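Taking it in order: structure first as C-alpha cells, then the write-up.
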Amino acid sequence: MKKKKRPVLKALMILMIVFFYLPILYMIVFSFNDGKSLTAFTGFSLRWYQHMLETGGMLEALYTTFSVAVIASVVSTAVGTFTAIGLSKSKKIIRDLMEQVDNLPMMNPEIVTAIGLMLLFITFRVEKGYMTMLLSHIAFCIPYVILSVMPKIRSLDPDLADAAMDLGATPWQALIKVIIPQIMPGIVSGGLIAFTMSVDDFIISYFVTGGGVKNLSIMVYTMSRRINPSINAASTLMIGIITIVLVTINLVPLLAAKKQKSMKAGKKILIPAAAVCACAAGCILFFRFGDMQGKRPFEGQILHIYNWGEYTGENIIGDFEEYTGAKVIMENYDSNEQMYIKVANEEPYDILVPSDYMIQRLIAEGYLQKLDQSKLNCMDKLSDAVKGLPYDPQNEYSIPYFWGTVGIVYDKNKVDLESLEQEGYNIFLNEKYQGDIYLYDSERDSFMMALKALGYSMNTENPKELSEAYEWLAGCVKTMKPEIVTDEIIDNMAQGRRALGLMYSGDAAYVVSENENMGFYLPKSGTNLWSDAMVIPRNAKNPELAHAFINFACDYEGAYDNSSYVGYTSANQEVMEVLSGPGGDFEGINAYIPRTGYGLDEVFVYNEKTRKEISNMWSRVKIVASNAN
1 MKKKKRPVLK ALMILMIVFF YLPILYMIVF SFNDGKSLTA FTGFSLRWYQ HMLETGGMLE
61 ALYTTFSVAV IASVVSTAVG TFTAIGLSKS KKIIRDLMEQ VDNLPMMNPE IVTAIGLMLL
121 FITFRVEKGY MTMLLSHIAF CIPYVILSVM PKIRSLDPDL ADAAMDLGAT PWQALIKVII
181 PQIMPGIVSG GLIAFTMSVD DFIISYFVTG GGVKNLSIMV YTMSRRINPS INAASTLMIG
241 IITIVLVTIN LVPLLAAKKQ KSMKAGKKIL IPAAAVCACA AGCILFFRFG DMQGKRPFEG
301 QILHIYNWGE YTGENIIGDF EEYTGAKVIM ENYDSNEQMY IKVANEEPYD ILVPSDYMIQ
361 RLIAEGYLQK LDQSKLNCMD KLSDAVKGLP YDPQNEYSIP YFWGTVGIVY DKNKVDLESL
421 EQEGYNIFLN EKYQGDIYLY DSERDSFMMA LKALGYSMNT ENPKELSEAY EWLAGCVKTM
481 KPEIVTDEII DNMAQGRRAL GLMYSGDAAY VVSENENMGF YLPKSGTNLW SDAMVIPRNA
541 KNPELAHAFI NFACDYEGAY DNSSYVGYTS ANQEVMEVLS GPGGDFEGIN AYIPRTGYGL
601 DEVFVYNEKT RKEISNMWSR VKIVASNAN
C-alpha cells in the first residue's frame, strides 16, 4: 500500500516545485528578451541588463535593499538575542507578558504596522528617508529574532551561567563564552529570518520611506505599473545574489563539520553570508553615480519631484543634473489621491505632476504657488490645444506635461470599425464580446464611459444621471463578465488577448505600435480630454530650481525623451509633430495625436460630493462584477 502512495507523493512534490519555480524561471528567461513585451519572447538580448546598470535609480535601490538588510539583520539579531536572554531571567509574569507583546507585531497586519510607523515619524517630524526605513526594518525584525532564540534558551540548563561564574568567569564571559555558543543555532536562524524579512519587505518600506529612497521592492512595484522589462533583469540579479548567499550558508557547515564540532561550526555560518552580502552591496555601490564636477548654475542643490511611476524618459533626469549640477530626487505615486495626502500633510516637494481635476482642487485649497512667468521660457513651445484649459485658464499655476484622451482599443480581426461607429461605448454591452473585454479600474474613466454612452456630460452632478450610469456599468459587468484591470491591460492588449478595452491614448499608442491588428477609436459621444501638468507646491524649498526643470522638461530634448520613452503625447508642439510624422515613433498612429476642437470632449471638473458618490458606486460595481464571475 505504501509503495502505491509513493508515486502519487512524488508527483505532488514535482507539481509543487513546478508551481513555485516556473514563474521564477519564466521571469529569468524574459530578462533576456530583446523586445519590450513581458509576455512575448522576440529574441535573446542583454539590453535590459545594460539598461538596468545605466539607470542610477535601479542601482540605488539594490544598494539600499542590501545595505538596509545587512544592518537591520545585525542590529536586530543582537538586540533580539540579548532581549531573549534577559527575558529568560525575568519573572514568569513579566516573561509571559513580554512574549505576548513580542507576538503582536508578527500577528498584526503589515499595513497596520506600516501606517503606525508612518504616523509616528510624522508626529515627531522625523524626515523620512534611509534612516526611517532602517529603523522600521530593525523594529519589525526584532520579534522574529526573539521568537527564534527563545526555544534554544529554554532548552539550556538554568544553572549553566552560575556554574561558569563559580569556576571564575565574569558575567560577561559567562554570557559570551558559555550561553551564546549554546544558543548559536537559534541566533543564526533569527539572523537569517531577519535578513529575509528585510529583503522581502514592501508595505512597511513603502510607507516609511521618503526623500527618493527606495528599496528594490518599491522600485519593482513602481516599474510594474507600466511596461518596463528592466524589472525582470533586476529581479534576476536579486535571485542570483540570494542564491549565492543560500549556497554559501549551506556549504559552510558541511565543510566546517569535518574539522570542528557542529556547535562551533554554527558560529561561522553568518560570517560568509555577511561577506557575500557586503560584497554584493559593495559592487552595487561601486556602480552608483558619483557627484558631478564643475561649476554649474545650481551646483549642489536638490530638487524634489513627486511624479507618476514610469512617467519620465530615460535620460532627462541625468541630463538635467549634468546641465545644472543639481541632484534630482524623484518619488512616485500611483494615484492623484495618494499624491494629495502627502501634499496635504505638508511633505516638501518642489514639483508635482497631478492631473487636471486634482490641480483644480490644489489651487482651490491653496496648496500651490503661482508660477513666476519671468523665469519661464517654455510657453511658446507648447501646443495651443493644451494651454488655457478650464482648470487653469491663464496657466498661472501649471505647465502641461502630457495630455491625451480615453478611447477604445479594439482587435481589428474581431471588431469592425462600422460596429464601433454605430454603437460607440455601448459596444461594451454587445453580448457578442461577452468575456472578451477589459474595463479599466478607474472610477472616473469608467463613469465617463457610461455617462457618455447615455448622452450625458461626464461632469454631471445630477443624481438621476449618475444612478443611470451606475446601472449601465452594473449591467455591463453582470452580463459581459469583463476583466477589470489596471496597467496590465497594456501588454495584454498588445498581445491581442481581448477584443476590446478602455485605455488612455498614450497606452493605446504603444499597443497599436506593437500590434498592427489593434486599432484605437474615439466614440462620437465624446470622451475625457485629460492633461497632466507640472506645478510648484506652496511649501517648495527650491522654486527657482523647479522653474529651471519645467523649462528643461518643455524644451525639445527633454520633451522628446519623455514622450518617446513613455509613449504619451508631448505638450511640446514640435516634439508632437516629429514623433507622429514621417519616420517618427508613432507615425500613422491616431492614438498619439489627441482629438481637439470636438464639442463633446470634456475636461474633468473637480467636485468632492460627486467624487464620493462615484467612488461608492464604483465599489458597488466591482462587487457586482466579483459576484458575476
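Residue numbering for the sequence shown follows UniProt numbering, beginning at 1 and increasing consecutively. Note that beta-carbon positions come from the ideal geometry of N, C-alpha and C, so glycine has one too. This one's a predicted model, so the numbers in the text were calculated from it and none came from an experiment.
Asked, Found
"Where I231 falls: helix, strand or coil (DSSP)", "helix"
"Beta-carbon spacing of A233, Y521 below 8 Å", "no"
"Nearest-angstrom Cα separation, counted from P354 out to A499", "31 Å"
"Limits of the unbroken alpha helix (DSSP H) element including I613", "Contrary to the premise, residue 613 reads as Glu rather than Ile in this sequence. E608 to A628 is the span of the alpha helix (DSSP H), which, as asked, contains E613."
"Classification of Y456 by the beta-carbon crowding that lies within 10 angstroms, buried from 16 upward", "buried"
"First through last residue of the alpha helix (DSSP H) which encompasses D356", "D356 to A364"
"Residue from M518, E461 and T479 whose Cα sits closest to the Cα of V605", "E461"
"CB contact flag (S446, L439, <8 Å)", "yes"
"DSSP three-state assignment for F207, whether helix, strand or coil", "helix"
"For G240 and L362, the rounded distance between their alpha carbons", "45 Å"
"For D350 and P543, believed in contact at Cβ under 8 Å, the rounded distance", "7 Å"
"Counted within 10 angstroms of its Cβ, other Cβ atoms place P297 as buried (16 or more) or exposed", "exposed"
"Member of M106, F32, G526 and T479 whose CA lies at the smallest distance from the CA of G435", "T479"
"Residue-chain proximity (A509, chain B), Cβ-Cβ < 8 Å", "In summary, chain B is missing from the structure at hand, where a single protein chain is found."
"Residue burial classification, E587 (beta-carbon count within 10 angstroms, cutoff 16)", "exposed"
"Simplified DSSP assignment, three categories, for S31", "coil"
"Sequence-distant residues of the same chain with beta carbon closer than 6 Å to F552, five excluded per side", "F320 and G558"
"Closest by C-alpha distance to A364, when choosing among L376, V328, I187 and A344", "A344"
"Residue range of the alpha helix (DSSP H) that includes I593", "From DSSP, I593 is part of no alpha helix (DSSP H); its letter is neither H nor E."
"Whole runs of the alpha helix (DSSP H) within the segment 351-434, excluding any shorter than 4 residues", "356-364 and 417-423"
"Every unbroken alpha helix (DSSP H) inside the segment 43-112 [4 residues or more]", "47-54, 56-88 and 92-107"
"Simplified DSSP state of D532, which is helix, strand or coil", "strand"
"Spatial neighbours of M448 in its chain, beta-carbon cut-off 6 Å, leaving aside the 5 residues before and after", "M458 and N528"
"Element boundaries [beta strand (DSSP E), containing M503]", "L500 to Y504"
"At least three beta-carbon pairs within less than 8 Å, the segment 26-44 to the segment 182-202", "no"
"Inter-residue CB distance, L303 and F121 (contact presumed, cutoff 8 Å)", "Actually they do not touch by this definition, with Cβ atoms about 23 Å apart."
"Same chain, Cβ closer than 6 Å to G501, five either side skipped, listed in chain order", "V409, Y438, I489 and M493"
"Given L192 as reference, the closest of F19, N250 and Y556 once Cα atoms are compared", "N250"
"Y63 versus M238: straight-line alpha-carbon distance, rounded", "11 Å"
"8 Å Cβ cutoff met for V208 and S148", "no"
"Residue(s) in a DSSP beta bridge with K327", "I302"
"Same chain, Cβ closer than 7 Å to L216, five either side skipped, listed in chain order", "A61, L62, T65, A234 and M238"
"Assigned secondary structure, T486 (DSSP; H/G/I helix, E/B strand, else coil)", "coil"
"Terminal residues of the beta strand (DSSP E) in which I176 lies", "No beta strand (DSSP E) holds I176; DSSP gives it neither H nor E."
"Same chain, Cβ closer than 7 Å to H610, neighbours up to 5 away in sequence not counted", "According to the sequence provided, residue 610 is Thr. The question's His does not apply to it. So the qualifying residues of the chain are E461."
"Bridge-paired residues (DSSP) for T569", "W403"
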